[in-house]
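Novice:
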Ligand code: ADP
């Protein structure tokens, strides 16, 4: 008899042993069903060993599940991930199995050309006939042709189209590396040559593709992908993007370049789609995957290149459930696959720059914007000298610039990284700030929905007529601006302009995001008021003015990366302007124009900023010169929590090169009724931080009502 170790995708301390039933012939990686207490759960076989002579009666594996097995590399990655994050391997396994057992897509009805011409050909019908070259479900065909579904049904009744039932597709069309290659400029060609050399070595290595916005980084990494695909007929390429909103644009570019749609992977996709991509990845039937961070956990059969676009983006950090930094994990995944990894950014993270400076990563630079487009001119607007009128948020110089841009028939983007109408609502009678009942953060006013919303927990309530604290009537005032309020202001100032808002509240699907981005790219919007979703990566040819409403906003966070993030975000936003023929400019409204970040931005001097920031980090032993981890302890009962926090503090191991700070209240010290305390661990690079954290955790046992979370390389400091 053999014993199978089965890892279950739940927060459990280890894989459990089961007996292999006679004749089941399990293999490592098989997805199986196994009894766990009263339930039957799915899991993955991680090891098999001879069990002869064992005297423990083991429950048998219940059965094999109809899914491709997890490849050895996936198992190795899951194991590595859990060790790195000092967490249970069941958690990364759960991510890796998302999609593995989702229901398959059912057969679908599609409309197909019959070869018969329509009896009457209207322009709408002609559009459908052209779009029907590819068989699509009637509704999708109508959408593709931009007509109503009635037109498609009319053509079916007419006999020009026929409905047939088709099995849902399982594999993805093969990309053709020779389909539409661009002509690279010399600087792009040099970067590509270096990447191709890496690809030909067929080994792990990391390259930083470092070029200003619009220099053609995407163009270069698409060619690197082409090189991989043409070299090896089974090779797979993974392209990671930080935002769902960006995937549509990159998918369109891939489709144009390779003549075939790549597979998409993100949380906005339904279970049948996930199942299809999961299986296709495991069976080698999709060659390019474009996805969000969890795509790293797909069971690739033959992964040969990973690209992390906008590698500096903080959205790569997954903060809930299993905590991980997808950029760092991509490098580890590349190492396991023994494949090259490309990190692309105009404003690389300090960690990545440090790795490039010290020679760990190849540093490939794209010098300038493609096609002679120039970088925007950046001007600081000193709000102390030219403040907006009371109750307004746009300063006279910015308003004048918008007016000029609008008059010239060009587009403006006003950037404010704040959703909703006002970040704070307070009662002018009693002075209370509106808070959620169980969470210590302010409620944000949303005018579109008329509600007050907690952005941390999602709690919301209608805006009350009376103050809930003192019951005064009509006493609530909105303090500060969100995008909705800036929109209101521009509508008053420019009533004849076409204005739109882009934020996660107004744009709730990838589809809606694409429609808005297309409208902006097509010039159908004059002024776009947007949060960071619109700041990243997009290409708006006629955008020549970027106004940053509150450039100081992210500097106020006070966390390790506040200055770095502000610099990156504002450089990105400013980089949206003037990407084509017309030169662009960016106006940054700030109360602190003398701040190093603002000065570096105005001078477009990234190197100066990086040098300054590196020196500060080095002096403090902070990343990339040292390592950080946070221990967050939360619980509903304050005395129990305090007792455990004291025990935890007393249990901290002593080690050279490690400092433990705290316990302190976490910045949001009350969330959903749970109080939160935090320890911060700083360690020299030579310290085995994971071993330290593991040893510490092993010394304590949290009571059932207390949760202890470890966050290696914390970002948000929440
Ligand atoms: P980045 O990713 O660095 O922001 P992109 O790859 O998006 O830059 O390039 C910016 C714009 O310039 C895009 O519209 C792209 O199609 C165009 N472009 C860049 N390089 C080339 C090239 N070699 N030939 C044609 N167009 C290019």
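Residue numbers (my numbering): 49 to 766. All C-beta atoms in this analysis are idealised placements derived from N, C-alpha and C, irrespective of residue type, glycine included.
1) Under DSSP, the alpha helix (DSSP H) around residue 662 begins and ends at which residues?
2) Taking all protein chains shown into account, do 16 or more other C-beta atoms lie within 10 angstroms of the C-beta of residue 687, making it buried, or fewer, making it exposed?
3) If I'm right that residue 88 touches residue 148 with Cβ under 8 Å, what's the distance once you round it to whole angstroms?
4) If you drop the 5 nearest sequence neighbours on each side, which residues of the same chain put their C-beta closer than 6 Å to that of residue 743?
5) For residue 373, does the count of other Cβ atoms within 10 angstroms reach 16, so buried, or fall short, so exposed?
6) Please determine whether the Cβ atom of residue 266 lies at a distance below 7 Å from any heavy atom of ligand 1.
7) Give the DSSP-derived three-state secondary structure of residue 370 in the structure shown.
8) Any heavy atom of ligand 1 closer than 7 Å to the CB of residue 164?
9) For a minimum of 3 consecutive residues, which ranges assigned as the beta strand (DSSP E) are wholly contained in the segment 191-224?
10) Tell me whether residue 590 counts as near ligand 1, meaning its Cβ is closer than 7 Å to at least one heavy atom of that ligand.
11) Are the Cβ atoms of residue 498 and residue 510 separated by less than 8 Å?
12) In its own chain, which residues sit with a C-beta less than 6 Å from the C-beta of residue 357, not counting the 5 before and 5 after it?
13) Below 8 Å on the Cβ atoms is my guess for residue 854 versus residue 471; work out the distance and round it to an integer in Å.
14) With DSSP as the reference, please indicate the residues paired to residue 459 in a beta bridge.
15) Does any heavy atom of ligand 1 sit closer than 7 Å to the C-beta of residue 263?
16) May I have a chain-ordered list of the alpha helix (DSSP H) segments no shorter than 4 residues that lie completely inside the segment 121-159?
17) Ligand 1 and residue 587: does any heavy atom of the ligand fall closer than 7 Å to the residue's C-beta?
18) Do you know offhand how far residue 136's Cα is from residue 62's?
19) Assign residue 334 to buried or exposed, taking buried as 16 or more other Cβ atoms, counted over all protein chains shown, within 10 Å of its Cβ.
20) Could I get the ranges of all uninterrupted alpha helix (DSSP H) runs contained in the segment 686-741, with 4 residues as the minimum, in chain order?
21) When the distance is taken between beta carbons, is residue 363 closer than 8 Å to residue 296?
22) Considering Cα atoms alone, identify which of 690, 93, 706 is closest to residue 670.
23) With 16 as the cutoff for other CB atoms within 10 Å, does residue 740 come out buried or exposed?
24) To which residues of the same chain is residue 603 closer than 8 Å at the C-beta, ignoring the five residues directly before and after it?
25) According to the neighbour-count rule (16 or more other Cβ atoms, all chains shown, within 10 Å of its Cβ), is residue 617 buried or exposed?
26) State yes or no: is the C-beta of residue 259 nearer than 7 Å to some heavy atom of ligand 1?
27) Whose C-beta lies closer than 7 Å to the C-beta of residue 164 among residues of the same chain, with five residues either side of it excluded?
28) What is the residue span of the alpha helix (DSSP H) that residue 649 lies within?
29) Quick one: is residue 694 buried, meaning 16 or more other Cβ sit within 10 Å of its Cβ, or exposed?
Specialist: With the structure as the only source:
1) 654-668
2) exposed
3) Rounded, the Cβ-Cβ distance is 16 Å, inconsistent with contact.
4) 701
5) buried
6) yes
7) coil
8) no
9) 209-214
10) no
11) yes
12) 289, 392
13) No information on residue 854 is available, as it lies outside the stretch 49 to 766 that the chain covers here.
14) 591
15) yes
16) 138-144
17) yes
18) 7 Å
19) buried
20) 686-699
21) no
22) 706
23) buried
24) 610, 611, 614, 640, 643, 645
25) buried
26) yes
27) 207, 208
28) 644-650
29) exposed
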